[in-house]
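Quick notes on the structure that follows.
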Amino acid sequence: MSGTFAEAAIRRNPAWIQLLGLCPLLAVSNSLVNAIGLALASGFVMVGSALAISTLRTWIPNRVRLPCFVLVIATFTTLSVLLLEAYAFELYLRVALFVQIIVSNCMILGRMEAFASRQPPWRACLDALGTAAGFAIALIALGGVREALGQGSLLAGMDHLFGPVAASWRIDLGLGNAPFLMALLPPGAFIIAGLLLGLGNGMRNRLSPKPSLNTDFDEHGKTNPDIRKAEG
Amino acid sequence: MMRPLLSIVGIGLCCGLLLAGVHVLTEPAIEANRSRHVWQLAFELVGDPFDPTGLVWQGDRVDLPGGIWLKRSAVQGYAGEIHLLAAFGHGGQLLGARVSGHRETPGLGDFIEVDKSPWMLRFATTPPLEVDAVSGATITSEAVKRGIRQMLSPEAPPAAAFAP
Numbered sequence: 034m035s036g037t038f039a040e041a042a043i044r045r046n047p048a049w050i051q052l053l054g055l056c057p058l059l060a061v062s063n064s065l066v067n068a069i070g071l072a073l074a075s076g077f078v079m080v081g082s083a084l085a086i087s088t089l090r091t092w093i094p095n096r097v098r099l100p101c102f103v104l105v106i107a108t109f110t111t112l113s114v115l116l117l118e119a120y121a122f123e124l125y126l127r128v129a130l131f132v133q134i135i136v137s138n139c140m141i142l143g144r145m146e147a148f149a150s151r152q153p154p155w156r157a158c159l160d161a162l163g164t165a166a167g168f169a170i171a172l173i174a175l176g177g178v179r180e181a182l183g184q185g186s187l188l189a190g191m192d193h194l195f196g197p198v199a200a201s202w203r204i205d206l207g208l209g210n211a212p213f214l215m216a217l218l219p220p221g222a223f224i225i226a227g228l229l230l231g232l233g234n235g236m237r238n239r240l241s242p243k244p245s246l247n248t249d250f251d252e253h254g255k256t257n258p259d260i261r262k263a264e265g
Numbered sequence: 335m336m337r338p339l340l341s342i343v344g345i346g347l348c349c350g351l352l353l354a355g356v357h358v359l360t361e362p363a364i365e366a367n368r369s370r371h372v373w374q375l376a377f378e379l380v381g382d383p384f385d386p387t388g389l390v391w392q393g394d395r396v397d398l399p400g401g402i403w404l405k406r407s408a409v410q411g412y413a414g415e416i417h418l419l420a421a422f423g424h425g426g427q428l429l430g431a432r433v434s435g436h437r438e439t440p441g442l443g444d445f446i447e448v449d450k451s452p453w454m455l456r457f458a459t460t461p462p463l464e465v466d467a468v469s470g471a472t473i474t475s476e477a478v479k480r481g482i483r484q485m486l487s488p489e490a491p492p493a494a495a496f497a498p
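Here it is, written out as structure tokens:
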């Protein structure tokens with residue numbers, strides 16, 4: 034049971050291993066608060082769609098499954114936008130544009146096609162939670178590094194997410210106002226994401242002798258259909 | 335042949351009902367948030383907070399105490415409408431303008447938010463036609479300029495839309 038979760042979150046981390054969902058990942062991760070906001074919204078869409086699609090899986094004909102998945106994912110994305118605008122308006126003003134493009138996040142469509150449409154709801158839910166957690170780990174790691182380098186702070190503006198209590202959570206790292214401005218800009222996102230990816234791959238190679246980029250193949254050299262389906 | 339059609343229509347109906355339900359539930363909160371946001375922008379424009387209770391919009395205009403009035407309008411931007419709010423002082427002089435809602439491209443067209451760029455502040459001191467457009471987001475810039483021009487002189491015929 035926890036295997037499904039860990040598999041989805043760590044071994045097949047959507048961002049670092051499968052390299053999916055990079056557009057919102059790079060676009061929003063310029064501060065921790067934005068990263069956490071998008072992670073929560075993506076998680077909501079992910080889990081909601083997985084539960085719905087897995088419950089409906091016997092009624093979805095194979096030929097029209099993709100339109101059905103897109104319909105369900107679009108519904109949950111719109112729901113998350115409505116809920117954000119109603120109950121977290123400050124955050125909505127900052128991340129709404131990116132939350133709307135969750136609908137085209139291939140990470141979500143990939144998991145629906147490869148997993149949720151073939152598994153019972155509880156497993157689909159665990160997989161969705163795992164994938165969402167994996168995406169959140171990547172977002173928060175990137176958001177933390179970029180905010181620290183670009184703004185010299187951590188957890189700034191958390192009151193937009195958790196109410197006025199969180200206004201004092203900001204940690205000043207004593208690096209000045211903008212120690213490395215490029216970290217906040219799109220090129221910085223690519224460079225830091227690449228460095229973090231390399232760091233992750235290096236650490237995994239240390240821990241297990243298996244080459245990290247060959248997770249597509251099992252020990253007999255056959256392509257693992259589950260991963261192949263998730264590409265795209 | 336009919337079964338795929340039936341199931342996609344069925345799923346579409348369920349999704350539509352769910353959305354309609356949540357929309358009805360969240361609408362009051364969303365409306366309250368939006369109007370609070372507009373008043374906050376108005377406080378910024380006017381300079382000092384006033385009490386918005388009792389003030390009602392008459393069409394696109396609301397008169398504030400002290401001879402100041404606010405105007406709102408919507409123009410077609412690059413990706414949907416851009417909602418503008420402007421404050422006018424004595425003699426119809428433009429005090430400043432803000433964008434209260436938009437769907438322009440993140441990172442490229444969102445310089446029209448004051449939090450992201452001081453671009454909107456120029457309208458307080460410069461006639462709209464003399465404000466420089468931002469390269470890479472010409473349609474967004476021109477839309478905002480057009481909207482502000484129309485608010486300044488509603489009688490004038492609308493400026494021609496930007497043609498590349």
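So the sequences go chain by chain: A and B.
If you're matching positions, the first sequence starts at 34 in this note's numbering and goes up one per residue.
If you're matching positions, the second sequence starts at 335 in this note's numbering and goes up one per residue.
For each residue, glycine too, the CB sits at the ideal point set by N, CA and C.
Whole angstroms is fine: what's the gap from residue i's alpha carbon to residue j's?
i	j	result
residue 116(A)	residue 75(A)	13 Å
residue 404(B)	residue 376(B)	8 Å
residue 103(A)	residue 351(B)	16 Å
residue 155(A)	residue 344(B)	23 Å
residue 149(A)	residue 163(A)	12 Å
residue 90(A)	residue 96(A)	13 Å
residue 468(B)	residue 39(A)	46 Å
residue 346(B)	residue 77(A)	20 Å
residue 464(B)	residue 481(B)	14 Å
residue 215(A)	residue 175(A)	14 Å
residue 145(A)	residue 108(A)	14 Å
Any idea what DSSP makes of residue i, helix, strand or coil?
i	result
residue 179(A)	helix
residue 435(B)	strand
residue 395(B)	strand
residue 410(B)	strand
residue 403(B)	strand
residue 384(B)	coil
residue 38(A)	helix
residue 50(A)	coil
residue 160(A)	helix
residue 186(A)	strand
residue 192(A)	helix
residue 109(A)	helix
residue 171(A)	helix
residue 467(B)	coil
residue 131(A)	helix
residue 422(B)	strand
residue 142(A)	helix
residue 430(B)	strand
residue 444(B)	helix
residue 204(A)	strand
Can you confirm whether residue i, when its beta carbon is compared against all beta carbons of chain B, has any partner nearer than 7 Å?
i	result
residue 108(A)	yes
residue 101(A)	yes
residue 112(A)	yes
residue 180(A)	no
residue 123(A)	no
residue 59(A)	no
residue 203(A)	no
residue 226(A)	no
residue 40(A)	no
Please identify the residue among the options whose C-alpha is closest to the C-alpha of residue i.
i	options	result
residue 190(A)	225(A), 106(A), 128(A), 241(A)	128(A)
residue 483(B)	445(B), 470(B), 453(B), 460(B)	460(B)
residue 476(B)	415(B), 337(B), 449(B)	415(B)
residue 180(A)	68(A), 54(A), 121(A), 198(A)	68(A)
residue 362(B)	111(A), 120(A), 80(A)	120(A)
residue 330(B)	456(B), 336(B), 365(B), 388(B)	The question about residue 330(B) has no answer, for chain B in this structure spans 335 to 498.
residue 444(B)	365(B), 368(B), 474(B)	474(B)
residue 122(A)	338(B), 366(B), 353(B), 396(B)	366(B)
residue 41(A)	236(A), 195(A), 141(A)	141(A)
residue 409(B)	433(B), 466(B), 338(B)	433(B)
residue 160(A)	124(A), 65(A), 80(A)	80(A)
residue 411(B)	437(B), 382(B), 374(B)	437(B)
residue 206(A)	217(A), 229(A), 182(A)	182(A)
State the CB to CB distance for the pair residue i and residue j, rounded to an integer number of angstroms; the pair is presumed to be in contact (CB under 8 Å).
i	j	result
residue 212(A)	residue 185(A)	5 Å
residue 420(B)	residue 413(B)	Residue 420(B) to residue 413(B), Cβ: 22 Å. No contact.
residue 485(B)	residue 418(B)	7 Å
residue 487(B)	residue 92(A)	Going by Cβ atoms, the distance from residue 487(B) to residue 92(A) rounds to 58 Å, so no, they are not a contact pair.
residue 47(A)	residue 167(A)	5 Å
residue 441(B)	residue 60(A)	6 Å
residue 188(A)	residue 173(A)	Actually they are not in contact, since the Cβ atoms of residue 188(A) and residue 173(A) sit about 11 Å apart, beyond 8 Å.
Return no unless some Cβ of chain A is closer than 7 Å to the Cβ of residue i.
i	result
residue 342(B)	yes
residue 380(B)	no
residue 484(B)	no
residue 337(B)	yes
residue 446(B)	no
residue 440(B)	yes
residue 471(B)	no
residue 474(B)	no
residue 408(B)	no
For residue i, go through chain E and note every residue whose CB falls closer than 9 Å to its CB, in chain order.
i	result
residue 437(B)	In summary, chain E is missing from the structure at hand, where the protein chains are A and B.
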